[in-house]
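Sequential numbering from 7 applies to the sequence shown in my numbering. Glycine included, C-beta positions come from ideal geometry on N, C-alpha and C. Comments concern the structure below.
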Amino acid sequence: MLKHNLGYPRIGIKRELKKACENYWNNKIDCKQLFDIGKNIRQKNWNIQEKCGLDLIPCNDFSFYDHVLDMSFLLGVIPKWYLENPIIHHNNKIDLYFSMARGIQKNGLDIKAMEMTKWFNTNYHYIVPEFKKNQNFFIFYKKIFNEFEEIKKNIKKQPKPVLIGPVSYLFLGKENKKTFHRMDLIENIIPIYVKIIKKLIFQGAKWIQLDEPILGLDLSQKEIEAFQYGYKIITQECSSNINILITSYFDDISENLYLLKDIDIKALHIDLIEDPDQLDIVLNFLKEKKIILSLGIIDGRNIWKNNYVYSIKKIDKTIKILGEQRVMIAPNCSLLHVPLDLNYEINIHKDIKNKMSFARQKIDELNDLYNIIKGNKNILLKNFKILEKTKKSFLIHDKKIQDKIKNIDINNNIKRKNSFNIRKIKQHKNFQLPILPTTTIGSFPQTSEIRSLRKKLKIKKISQKEYDNQLKKFIIDVIRKQEKINLDVLVHGEFERNDMVEFFSEKLKGCLSTDNGWVQSYGSRCVKPPIIYGDISRNGDMTVQWINFAQKNTKKLMKGMLTGPVTILKWSFVRDDQPIYHTAYQIAFAIREEVKSLENSGIKIIQIDEPALREGLPLKRKKWKSYFNWSIKAFRLASSIVKDETQIHTHMCYSEFNDIIEYISDLDADVITIETSRSKMELLNAFSDFSYPNEIGPGVYDIHSPRIPSVKEILDLILKVTNKFPIRNIWINPDCGLKTRKWNEVIKSLINMTKAAKIAREQLKK
Ligand code: GLN
Ligand code: ZN
Numbered sequence: 007m008l009k010h011n012l013g014y015p016r017i018g019i020k021r022e023l024k025k026a027c028e029n030y031w032n033n034k035i036d037c038k039q040l041f042d043i044g045k046n047i048r049q050k051n052w053n054i055q056e057k058c059g060l061d062l063i064p065c066n067d068f069s070f071y072d073h074v075l076d077m078s079f080l081l082g083v084i085p086k087w088y089l090e091n092p093i094i095h096h097n098n099k100i101d102l103y104f105s106m107a108r109g110i111q112k113n114g115l116d117i118k119a120m121e122m123t124k125w126f127n128t129n130y131h132y133i134v135p136e137f138k139k140n141q142n143f144f145i146f147y148k149k150i151f152n153e154f155e156e157i158k159k160n161i162k163k164q165p166k167p168v169l170i171g172p173v174s175y176l177f178l179g180k181e182n183k184k185t186f187h188r189m190d191l192i193e194n195i196i197p198i199y200v201k202i203i204k205k206l207i208f209q210g211a212k213w214i215q216l217d218e219p220i221l222g223l224d225l226s227q228k229e230i231e232a233f234q235y236g237y238k239i240i241t242q243e244c245s246s247n248i249n250i251l252i253t254s255y256f257d258d259i260s261e262n263l264y265l266l267k268d269i270d271i272k273a274l275h276i277d278l279i280e281d282p283d284q285l286d287i288v289l290n291f292l293k294e295k296k297i298i299l300s301l302g303i304i305d306g307r308n309i310w311k312n313n314y315v316y317s318i319k320k321i322d323k324t325i326k327i328l329g330e331q332r333v334m335i336a337p338n339c340s341l342l343h344v345p346l347d348l349n350y351e352i353n354i355h356k357d358i359k360n361k362m363s364f365a366r367q368k369i370d371e372l373n374d375l376y377n378i379i380k381g382n383k384n385i386l387l388k389n390f391k392i393l394e395k396t397k398k399s400f401l402i403h404d405k406k407i408q409d410k411i412k413n414i415d416i417n418n419n420i421k422r423k424n425s426f427n428i429r430k431i432k433q434h435k436n437f438q439l440p441i442l443p444t445t446t447i448g449s450f451p452q453t454s455e456i457r458s459l460r461k462k463l464k465i466k467k468i469s470q471k472e473y474d475n476q477l478k479k480f481i482i483d484v485i486r487k488q489e490k491i492n493l494d495v496l497v498h499g500e501f502e503r504n505d506m507v508e509f510f511s512e513k514l515k516g517c518l519s520t521d522n523g524w525v526q527s528y529g530s531r532c533v534k535p536p537i538i539y540g541d542i543s544r545n546g547d548m549t550v551q552w553i554n555f556a557q558k559n560t561k562k563l564m565k566g567m568l569t570g571p572v573t574i575l576k577w578s579f580v581r582d583d584q585p586i587y588h589t590a591y592q593i594a595f596a597i598r599e600e601v602k603s604l605e606n607s608g609i610k611i612i613q614i615d616e617p618a619l620r621e622g623l624p625l626k627r628k629k630w631k632s633y634f635n636w637s638i639k640a641f642r643l644a645s646s647i648v649k650d651e652t653q654i655h656t657h658m659c660y661s662e663f664n665d666i667i668e669y670i671s672d673l674d675a676d677v678i679t680i681e682t683s684r685s686k687m688e689l690l691n692a693f694s695d696f697s698y699p700n701e702i703g704p705g706v707y708d709i710h711s712p713r714i715p716s717v718k719e720i721l722d723l724i725l726k727v728t729n730k731f732p733i734r735n736i737w738i739n740p741d742c743g744l745k746t747r748k749w750n751e752v753i754k755s756l757i758n759m760t761k762a763a764k765i766a767r768e769q770l771k772k
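See below:
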């Protein structure tokens with residue numbers, strides 16, 4: 007039984023990679039220094055994994071920015087404006103590489119970065135490959151081969167180069183023009199994959215891992231054909247000289263298993279964390295074959311200790327059917343999605359820490375499972391005891407909140423008192439807003455002054471009182487600015503929040519923040535997701551003080567600002583000892599109390615942001631219904647406690663609504679503000695085709711770019727919207743929060759926005 011790993015975090019224990027890249031971009035170190043730091047991280051990672059007893063050790067899982075971009079670079083998929091750019095030094099390919107990831111703004115040149123999007127349903131972002139018609143693939147960059155030479159010198163165990171498989175790679179990309187289908191490029195790409203694998207064989211590789219997470223998706227006919235075609239050739243050409251491992255992860259593979267029927271691979275990896283039930287189906291399929299089954303049994307997307315009793319059952323069963331020689335064990339996916347090493351956490355209570363496991367510990371867990379299979383039952387017992395003991399911790403269980411949830415009938419608490427049509431009349435009468443009311447999404451520029459103020463409080467360099475006084479100044483300032491711009495519904499600016507989830511998790515009971523639990527989000531950007539370990543409750547008001555202060559300082563309506571339960575869940579590590587919807591309802595309940603408290607304090611408009619609602623969507627469509635079942639309930643539980651007169655807003659910032667519009671409508675928010683300006687309002691069709699019944703604020707100003715939109719441009723967008731929806735239902739706003747923008751851009755853009763709204767109102771009166 008071999009133990010292996012699909013990939014290890016590459017940021018370094020002290021985020022060395024982040025610092026090195028940023029120093030390189032700022033010309034503080036040269037590329038040799040950068041490469042040395044990369045080399046150092048790789049060697050440490052390999053050594054740790056070897057020391058922990060892995061039999062196959064991944065290489066080429068390291069990346070200076072993103073492993074999908076690495077694939078594009080390896081395969082020569084480089085749009086020509088980067089390739090032909092005169093200011094990039096061609097003797098230094100890393101500059102070309104970074105220019106694709108980050109764009110170039112130098113010497114009057116302004117080339118945009120390539121598009122970035124989320125890696126399946128995780129919070130990791132990758133650079134989207136961009137293909138042209140008849141794309142030619144060729145080996146452009148030798149990183150994978152160099153890394154293989156490097157690992158050979160470093161470790162005695164078997165290295166296993168990792169590549170994104172050809173079908174998933176094509177799937178993750180996009181066509182530069184809609185004149186062809188990227189799956190048709192399979193014939194061009196396969197010979198290069200064969201060439202790469204043969205080169206690795208020549209270098210001495212015995213194993214290769216081809217990641218095909220698309221096997222967990224609902225596949226189209228084109229994708230199916232591409233898979234069959236591609237792997238027939240790859241295996242025919244290579245299987246006699248190398249062990250090919252195909253991995254699937256993030257969802258179950260059972261419906262696509264037949265694709266592996268006639269191809270000669272050595273091993274198949276499945277994700278038993280996301281879907282343990284697929285094991286029987288897969289075992290049944292593999293029984294008569296020779297293929298090794300790799301069990302993805304350790305959770306690579308969460309930070310809890312493995313339950314050995316449970317895992318051993320699965321392993322035992324597999325051994326019984328396939329024989330020990332045909333079993334491998336591994337984490338379900340790359341460990342990229344979890345922090346590096348729990349040993350660096352010193353402030354976590356032992357009851358919780360004893361339940362936790364980061365990347366380094368997960369590798370140890372594989373070794374433990376192996377030793378248990380070999381007869382060491384002590385390890386099993388020890389794991390059982392620890393988990394039993396921590397299960398009972400008072401930190402995790404809060405009977406009061408459990409009873410509260412138990413005693414409320416969720417279904418009876420997720421409805422507003424009256425329907426939107428009745429609420430709308432009361433709200434309009436109370437608010438007396440003009441038609442096409444203007445507002446923003448919540449945050450205003452986070453200047454270094456504000457960041458340093460928060461930091462000073464955190465390290466206790468200033469007192470709470472000093473902090474509060476400073477914060478008040480910022481809030482009053484942002485109110486005056488909004489009044490001057492003449493916005494209709496104001497916000498307090500969110501200056502007290504560094505992150506929209508972390509802010510709440512620090513206030514809620516049952517959550518904690520780590521000291522060093524960094525996870526790569528994209529490129530050099532890392533996030534530190536909160537950990538939801540226990541029953542969630544609200545210790546008291548979280549936002550009321552500041553929203554109220556803001557409302558007292560203006561005659562205009564002040565919008566309260568909260569993060570919704572689904573987004574808090576999705577951007578955290580969540581306890582796995584109870585169903586997810588249970589935790590969702592607990593968070594929802596806490597937000598519900600905050601909503602009530604805001605209303606009681608006199609706030610009339612409350613926004614509950616749910617930008618993560620869509621990314622939480624399961625990969626397979628058949629699972630959507632049950633996901634929406636609890637996520638919509640959670641949102642409604644949080645939002646429906648208010649009286650008719652109080653207006654609930656929600657905000658989402660992604661641009662694909664077509665297939666989920668009815669669910670969005672089910673949230674029954676009075677107003678939804680969404681991102682639309684980048685798609686020039688095209689996605690609004692989803693809303694208008696569906697006759698979206700409630701009010702809607704399609705973003706008319708793209709905040710993702712420093713460009714200042716002109717009055718005319720915004721006016722055109724507004725008029726487009728007014729053709730699609732009843733005028734009384736339309737709000738005018740930017741498409742997301744403004745915290746990443748600069749003040750001078752924001753002021754000018756918002757002035758143009760309010761001017762455009764004014765002109766539109768006058769035109770519509772005529
Ligand atoms: N209210 C948040 C803000 O304005 C919303 C952020 C988001 O949509 N991601 O920053
Ligand atoms: Zn947004």
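#1: Relative to the C-alpha of K359, which residue among W630, Q284, W310 is closest?
#2: Could you check what DSSP says for A766 in three-state terms: helix, strand or coil?
#3: Please report the straight-line C-alpha distance between K118 and C659, rounded to a whole angstrom.
#4: To the nearest angstrom, how far is it from the Cα of I765 to the Cα of I597?
#5: Measuring alpha carbon to alpha carbon, tell me which residue in Q284, I491, F208 is nearest L221.
#6: Report the rounded CA-to-CA distance for N419 versus I17, giving the unit in angstroms.
#7: Quick check on DSSP: helix, strand or coil for C244?
#8: Find out if the Cβ-Cβ distance for the pair P92, Y14 is shorter than 8 Å.
#9: Pick out the complete beta strand (DSSP E) segments inside the stretch 250–301, 3 residues or longer, and give them in chain order.
#10: Could you tell me which uninterrupted alpha helix (DSSP H) segments, each at least 4 residues in length, are contained entirely in the stretch 380–450, listed from first to last along the chain?
#11: State whether the stretch 518–534 contacts the stretch 483–491, with contact taken as three or more CB pairs (one from each stretch) at a distance under 8 Å.
#12: Within a Cβ cutoff of 6 Å, which residues of the same chain sit near L463, ignoring the five residues on either side of it in sequence?
#13: Report the residue from Q526, A675, D76, P536 whose alpha carbon sits nearest the alpha carbon of N504.
#14: Kindly say whether P715, judged by its beta-carbon, lies nearer than 8 Å to any beta-carbon of chain C.
#15: Which same chain residues end up closer than 7 Å to K576 when comparing Cβ atoms and leaving out the 5 residues on each side of it in sequence?
#16: Tell me, please, which residues DSSP counts as bridged to Q215.
#17: Using beta-carbon positions only, say whether P135 and L178 come within less than 8 Å of one another.
#18: Less than 8 Å separating the beta-carbons of Y30 and Y71?
#19: Going by C-alpha to C-alpha distance, which of I612, T656, K649, D672 sits closest to K631?
#20: Please name the residue or residues paired with W310 in a DSSP beta bridge.
#21: Since L8 contacts L62 with CB under 8 Å, what's their CB separation in whole angstroms?
#22: Taking 8 Å as the cut-off, does the stretch 492–500 touch the stretch 543–557 (at least 3 CB pairs, one atom from each stretch)?
#23: Spatial neighbours of E155 within its chain, please: CB distance less than 8 Å, with the 5 preceding and 5 following residues excluded, ordered by chain position.
#24: What residues match up with H655 in a beta bridge as DSSP calls it?
#25: Could you please give the first and the last residue of the uninterrupted alpha helix (DSSP H) stretch that includes S543?
#26: Where does P337 fall in DSSP's three states?
#27: Should H343 and V525 be called a contact, given that it needs their Cβ atoms to be closer than 8 Å?
#28: With a threshold of 8 Å on Cβ separation, who are the neighbours of E56 within its own chain once the five nearest residues in sequence on each side are excluded?
#29: To the nearest angstrom, how far is the alpha carbon of L89 from that of T746?
#30: Roughly how many whole angstroms lie between the Cα atoms of K267 and H275?
#31: In three-state DSSP terms, what is M506?
#32: Do M567 and the ligand GLN come close, with the Cβ less than 7 Å from some heavy atom?
#33: Taking all protein chains shown into account, decide if E455 is buried (16 or more other Cβ within 10 angstroms of its Cβ) or exposed.
#34: Using only the alpha-carbon positions, how far apart do I325 and I250 sit?
#35: Within 8 Å, do at least three Cβ pairs link the stretch 232–249 to the stretch 185–203?
#36: Once DSSP output is grouped into helix, strand and coil, what is the label at S527?
Once the coordinates are examined:
#1: W310
#2: helix
#3: 21 Å
#4: 38 Å
#5: Q284
#6: 44 Å
#7: helix
#8: no
#9: 273–277
#10: 383–397, 405–413, 426–437
#11: no
#12: Y473
#13: P536
#14: Among the chains in the structure shown there is no chain C, since it carries only a single protein chain.
#15: A618, E621, G622
#16: V168, L251
#17: yes
#18: no
#19: D672
#20: M362
#21: 6 Å
#22: yes
#23: Q209
#24: Q613, V677
#25: Unbroken run through S543 is the beta strand (DSSP E), 537–544; no alpha helix (DSSP H).
#26: strand
#27: yes
#28: I63, I161, K162, K163
#29: 29 Å
#30: 15 Å
#31: coil
#32: yes
#33: exposed
#34: 21 Å
#35: yes
#36: strand
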